[in-house]
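Student: Handing you this structure, nothing more for now.
Numbering (the working numbering), first residue to last: 97 to 541.
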């Protein structure tokens with residue numbers, strides 16, 4: 097990271113702290129050593145049903161031993177998985193299904209660069225109903241997709257991992273793929289994705305894509321990831337809904353505060369943002385896309401528009417999408433106001449509710465500056481996704497089409513749980529049909 101003029105301000109996975117199997121762990125042969133209660137060996141596969149903790153096993157031995165998790169609460173920790181001939185054309189060495197919640201902590205997953213069946217092969221397949229968590233793992237050299245999510249409903253938590261050289265030998269390969277998955281309240285953050293050789297011919301480094309029949313994403317955040325493309329890649333970040341394989345939907349998806357070295361991407365597609373225009377796709381409604389920082393310069397990478405697409409093609413743009421929708425370009429999805437129209441006289445109150453992309457902690461007394469000469473003061477909602485500001489109209493204040501002209505923190509802060517400051521640019525808005533009319537003669541009442 098020292099070579100970048102603008103390195104991420106957080107500790108980067110695999111650079112500032114170790115990942116994968118921890119030191120002094122002696123790995124056991126799962127085909128020879130005792131397995132914990134709830135796990136059994138059949139042929140070249142270990143099947144587990146929770147509650148169980150599987151710790152310190154070497155699934156790379158004997159041509160690759162598949163781990164299948166079918167039910168219950170399971171933790172997999174400090175294990176080595178290497179795809180081998182036993183995994184066949186699917187390349188799948190971990191399979192999670194059933195009513196299952198699983199934590200994968202401090203493991204190594206090696207796809208061994210083995211080609212798999214396009215769109216059907218993956219190192220890890222997760223179709224469970226429940227929570228699935230990946231933290232502090234090292235993923236590398238997958239021939240196709242590394243992790244595929246399907247089924248559900250699921251909560252996906254993918255944090256503090258390193259993904260290196262993914263999708264090296266198969267078309268349409270992805271770091272993470274969602275197909276037919278029902279996903280809610282999920283978080284993809286503080287990962288590092290590094291491509292040093294050609295691969296990832298699918299949806300890019302990290303692009304949540306709601307696709308395949310029955311797919312739905314709701315309340316998914318992608319933030320504080322470090323993305324490095326040193327070779328020819330297609331895209332880095334974004335989000336979309338694809339209807340080509342069947343009905344799919346998504347709402348409340350936010351991609352923000354990520355850092356990228358797009359060197360390999362720029363020489364191929366000219367923008368790290370996923371282009372819905374090229375694919376005829378739609379965006380989740382609502383969605384928010386902002387603050388993708390180029391580590392080579394420290395400048396934010398603009399989200400391409402139809403009027404100003406990426407230079408390589410007039411179809412390489414993000415918005416408006418195929419349905420005409422434009423995403424939020426800050427941490428605001430929308431603003432609701434009450435009353436929404438009419439004329440508001442002195443002494444009356446106007447309430448603004450800001451629908452944010454995640455919970456935000458408010459400190460101090462931020463204000464919304466208004467074109468009437470007044471200001472709406474923060475009045476509640478800290479720790480939630482709804483921040484409320486209240487404006488009491490005073491004598492002498494007037495506006496036709498009331499507007500928020502600026503956000504004044506007034507020495508306060510609006511931050512999320514990991515310390516990101518809220519991007520409030522979307523709060524600047526005009527409310528047509530809502531007027532403020534007062535008389536100076538009423539001053540003093």
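Heads up, the beta-carbon is just placed ideally off N, CA and C, and yes, glycines get one too.
With DSSP as the reference, label residue 181 as helix, strand or coil.
Tutor: In the structure shown, residue 181 sits in a helix (DSSP, three-state: H, G or I).
Student: DSSP three-state call for residue 528: helix, strand or coil?
Tutor: Coil, per DSSP.
Student: Look at the Cβ atom of residue 319, then the Cβ atom of residue 370, and state whether they are nearer than 8 Å.
Tutor: Not a contact, by the Cβ cut-off of 8 Å.
Student: Below 8 Å, can you find three or more Cβ-Cβ pairs linking the region 115–131 to the region 147–161?
Tutor: Yes, the region 115–131 is in contact with the region 147–161.
Student: Which residue wins for smallest C-alpha separation from residue 446, given the options 454, 452, 435 and 453?
Tutor: Residue 435 is the option with its Cα nearest to residue 446.
Student: Thinking just about the alpha-carbon of each residue, which of 359, 427 and 151 is nearest to the one in residue 518?
Tutor: Checked all of 359, 427 and 151; the closest Cα to residue 518 is 427.
Student: Distance check for residue 284 and residue 201, CA to CA, integer angstroms please.
Tutor: Spanning the two alpha carbons is a distance of roughly 15 Å.
Student: Around the Cβ of residue 377, are there at least 16 other Cβ atoms within 10 angstroms (buried) or fewer (exposed)?
Tutor: Flag for residue 377 reads buried.
Student: Please classify residue 195: is it buried, with 16 or more other beta-carbons within 10 angstroms of its beta-carbon, or exposed?
Tutor: Answer is exposed; the Cβ neighbour count stays below 16.
Student: For residue 223, does the three-state DSSP call read helix, strand or coil?
Tutor: In this structure, residue 223 counts as coil in the three-state DSSP scheme.
Student: To the nearest angstrom, report how far apart residue 179 and residue 164 are at their CA atoms.
Tutor: Cα-Cα distance, rounded: 14 Å.
Student: Measure from the alpha carbon of residue 143 to the alpha carbon of each residue in 299, 166 and 211, then state which is nearest.
Tutor: Among 299, 166 and 211, the Cα nearest to that of residue 143 belongs to 166.
Student: Report buried or exposed for residue 107, applying the criterion of at least 16 other Cβ atoms within 10 angstroms of its Cβ.
Tutor: Burial call: exposed.
Student: How many whole angstroms separate the CB atoms of residue 529 and residue 424, which I take to be in contact at a CB cut-off of 8 Å?
Tutor: Wrong, their Cβ atoms sit about 22 Å apart, outside the cutoff.
Student: Counting beta carbon pairs with one atom in the region 399–412 and one in the region 471–479, are three or more of them shorter than 8 Å?
Tutor: In short, these stretches do not touch, since the Cβ pair count stays below three.
Student: Grouping DSSP H, G and I as helix and E and B as strand, with all else coil, what is residue 372?
Tutor: Residue 372: helix per DSSP, three-state reduction.
Student: Could you tell me the alpha carbon to alpha carbon distance between residue 117 and residue 327, rounded to whole angstroms?
Tutor: Straight-line Cα distance between these residues: approximately 28 Å.
Student: Just how far apart, CA to CA, sit residue 432 and residue 495?
Tutor: So the alpha carbons of these two residues sit roughly 18 Å apart.
Student: Are there 16 or more other CB atoms within 10 angstroms of the CB of residue 497, so buried, or fewer, so exposed?
Tutor: By the neighbour-count rule (16 or more Cβ atoms within 10 Å), residue 497 is not buried but exposed.
Student: If I measure Cβ to Cβ from residue 465 and keep anything under 6 Å in the same chain, skipping five residues before and after, which residues do I get?
Tutor: For residue 465, where only same-chain residues beyond five positions count, the Cβ hits under 6 Å are 471, 501, 502 and 504.
Student: Tell me whether residue 138 is buried or exposed, calling it buried when 16 or more other Cβ atoms sit within 10 Å of its Cβ.
Tutor: Answer is exposed; the Cβ neighbour count stays below 16.
Student: At what residues does the alpha helix (DSSP H) containing residue 361 begin and finish?
Tutor: Start and end: 359–362.
Student: Let's test the definition: count the other Cβ atoms within 10 Å of the Cβ of residue 282 and tell me whether it reaches 16, buried, or not, exposed.
Tutor: Buried.
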